[in-house]
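Residue numbers for the sequence shown follow my numbering, so the first one is 74 and each next one is one higher.
For each residue, glycine too, the CB sits at the ideal point set by N, CA and C.
Before any comments, here is the structure.
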Amino acid sequence: MSASVSEAALPPSATGSAPPPADAGQPFALARDGVRVHVRLTPRARSVRIDGLRRDASGRVRLAVAVVEVPEAGRANAALLALLAGEWRLPKSSLQVVLGATDREKTIAIAGDGPALLQRLRDWSATRGWQPEA
């Protein structure tokens with residue numbers, strides 16, 4: 074979807090939820106207090122890894138991440154935040170799970186200078202050549 078298409082021009086999905094944001098090609102979105110990152114987490118994986126971008130059933134692009142920890146007592150979420158903070162060279166304290174704490178689909182908030190963080194994350198994704206899967 075092109076960034077020039079306005080959200081108002083898009084119909085809501087059959088479930089009545091809002092359409093994906095105009096920049097639906099990336100899992101990163103500018104927020105008032107920083108950036109939001111949409112993630113699909115696989116706990117109990119064989120290895121810790123970031124697998125790239127995946128499009129979910131609603132059309133939202135998510136960053137696919139796998140951790141070896143189990144999804145109990147917040148262990149998988151803690152491993153996710155530690156992995157992302159290390160990968161992006163950010164303090165762990167600036168990352169927080171704000172939606173989906175007990176779900177595989179999560180929204181991570183990164184506190185800080187939103188425009189600078191957003192550009193940094195887009196550059197990070199682009200250096201890997203990641204494009205969302207259909």
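{"Check": "E160 CB to nearest heavy atom of the ligand ADP below 7 Å", "Outcome": "In the structure shown, the ligand ADP is absent, as is every other ligand, since no ligand is present at all."}
{"Check": "Selection from A146, R201, A118, L157 that minimises the alpha carbon distance to H111", "Outcome": "L157"}
{"Check": "In DSSP terms, what L136 is bridged to", "Outcome": "V112, L126"}
{"Check": "Distance between V143 and A118 (C-alpha atoms, nearest Å)", "Outcome": "9 Å"}
{"Check": "Proximity below 8 Å, CB of T115 to CB of R177", "Outcome": "yes"}
{"Check": "Exposure label - A200; buried when at least 16 CB within 10 Å", "Outcome": "Just to set this straight, residue 200 is Thr in the shown sequence, not Ala. Counting Cβ neighbours within 10 Å, T200 comes out exposed, since fewer than 16 surround it."}
{"Check": "Nonlocal neighbours in the same chain, by C-beta distance under 8 Å from V108, ignoring five residues either side", "Outcome": "F101, A102, A182, I183, G185, G187, L190, L191, L194"}
{"Check": "Boundaries (first-last residue) of the alpha helix (DSSP H) holding Q169", "Outcome": "Q169 -> not in any alpha helix (DSSP H); beta strand (DSSP E) instead, spanning 168-172."}
{"Check": "CB contact flag (V134, G98, <8 Å)", "Outcome": "yes"}
{"Check": "Cβ-Cβ distance between L153 and K165 below 8 Å", "Outcome": "no"}
{"Check": "Inter-residue Cα distance where the pair is N150 and V170", "Outcome": "7 Å"}
{"Check": "Residue closest to G147, alpha-carbon to alpha-carbon, out of S167, K179, A130, G159", "Outcome": "K179"}
{"Check": "Pair within 8 Å by beta-carbon distance, A104 and R122", "Outcome": "no"}
{"Check": "Range covered by the alpha helix (DSSP H) that runs through A189", "Outcome": "187-200"}
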